[in-house]
Each structure stands twice: as C-alpha cells, then as structure tokens.
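Take the sequence shown: its position 49, counted from the start at 1, is 49 in the numbering used here, and no numbers get skipped.
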Amino acid sequence: MITGRGMCGKTTLIQEIIVSLLMKNKPDELKLVVVDTSVLNYIYFKNIPHLLWPIIDMQDGEMITNLIKKLYIICEERRNAFASTGVKSIEMINRAAEEYNNHHENSKEKINKLPYIVVVVDEIDPLLAGQNKKEFAQSFIQLASICQTVGVHLIVATKSFDRGTYYDDIRRMFNGRISYAAATSGQSRLAVQIEGAELLNS
Numbered sequence: 001m002i003t004g005r006g007m008c009g010k011t012t013l014i015q016e017i018i019v020s021l022l023m024k025n026k027p028d029e030l031k032l033v034v035v036d037t038s039v040l041n042y043i044y045f046k047n048i049p050h051l052l053w054p055i056i057d058m059q060d061g062e063m064i065t066n067l068i069k070k071l072y073i074i075c076e077e078r079r080n081a082f083a084s085t086g087v088k089s090i091e092m093i094n095r096a097a098e099e100y101n102n103h104h105e106n107s108k109e110k111i112n113k114l115p116y117i118v119v120v121v122d123e124i125d126p127l128l129a130g131q132n133k134k135e136f137a138q139s140f141i142q143l144a145s146i147c148q149t150v151g152v153h154l155i156v157a158t159k160s161f162d163r164g165t166y167y168d169d170i171r172r173m174f175n176g177r178i179s180y181a182a183a184t185s186g187q188s189r190l191a192v193q194i195e196g197a198e199l200l201n202s
C-alpha cells in the first residue's frame, strides 16, 4: 500500500515497479491487472503482452468489483490445485510442473506453469467512496486475505489518511506500506503505523 497526497509521486513509483517487473519477467511468467481510476496514468502500458485483461481506466465500481471477484475465483482455483498436488506455494507447483515436463519431453501433454499476477489499483479512494463501495470493499478484502499465498500480489495507492471502516480493514491486509509526506504524526501512524512521515518533504 502506497499512501500520500495527490501529485506526490505514488503513480511514478508504481510505474517504476511495473517497468522493473517487465524487465525481469516474460509474459508467461507474469501477468498484470491494472485499475487506473485517474484514466491517463498507465496509457503507455496498454499494449504490453503481460496484461491479463485490458487496463481498466475508469471509476466504474461495479465493473471493477466484478474483476476483483474474478481474481478471487482464480485464487480459489489455484489454492485447490495446490491442495490436490500437495504443495504450499506457486514456486513448488511450478517446480513440479517443470520436472514433469522434463521427464515427459516426448509427450503431447504438458503442464503449464502458473504465472505470478500483480494487481495494481491506483487510486482506490474513488472506489471506496462510490455507490458500490461496500461490495467493492468486501470483495477486495476477501481477495487480499488469500491472494499472496497463491502468487497473486496487490499494489494499492491511496490519498486518504482518514479513519474509516473500509480503509482500516484494507490497511490491515497490507504488511508492506510506503508513505509519502503526511500532514501530522497521527496521519503517519494511520498510514505506516509509526510516526515520521510527517517529517517528509514530498
């Protein structure tokens, strides 16, 4: 989770993370899901082969909630696959797939390795203030509760330092947090659970 006021650099940081991931991973190794509620921040990525779905460049809460639900189904399918093969991580299941394929080189039946999926939501605030906010928040929290264990990772940007049921519940799902400048020490504690972000210049 990346917190900070508007125009402070959150989007630039996310773009740099994406570029780094693209440089290190092939399309069959990494898939991206990008929700750009600011509409224009990710237009340079719209034709990359790593996209699982076209970039969502709108604030349609119902459409994005349905996308989150689809991702949850993917996570459930992966979790069931892990359970049926007796593995606990995406690394283990991909290693097993690679070993199987190596031992059956002449076979027509190959096991596809699972790609990592990185989900970017920039910004989440309009979705938590919109007409569909309750359903979106519940679906997002449900996804966040299981996704990391099956190779699905979330990057979320928010301008809000406020307390609120949905914000607090979503913050708890993120152990990794980055904060740009906060106005007060209280905002800093909300963002990263420690004072200090109020001393930043940007």
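We put the CB at the ideal spot given by N, CA and C, even for glycine.
The structure displayed is predicted, hence computed values, not measured ones.
Buried/exposed call for Ala183, threshold 16 Cβ in 10 Å: exposed
Beta-carbon contacts of Arg189 that lie in its chain and below 8 Å, excluding the five residues immediately before and after: Glu195
Local conformation of His103 per DSSP, three classes: helix
Contacting residues, own chain, Cβ-Cβ under 6 Å from Ala97 (five flanking each side not counted): Ile111, Lys113
Between the CA atoms of Tyr44 and Arg172 - distance to the nearest angstrom: 32 Å
Span separating the alpha-carbon of Lys10 from that of Val156: 10 Å
Beta-bridge pairing of Lys31 - partner residues as DSSP gives them: Ile117
Beta-bridge partners of Leu51, as assigned by DSSP: Leu32
Residue range of the beta strand (DSSP E) that includes Ala157: 152-158
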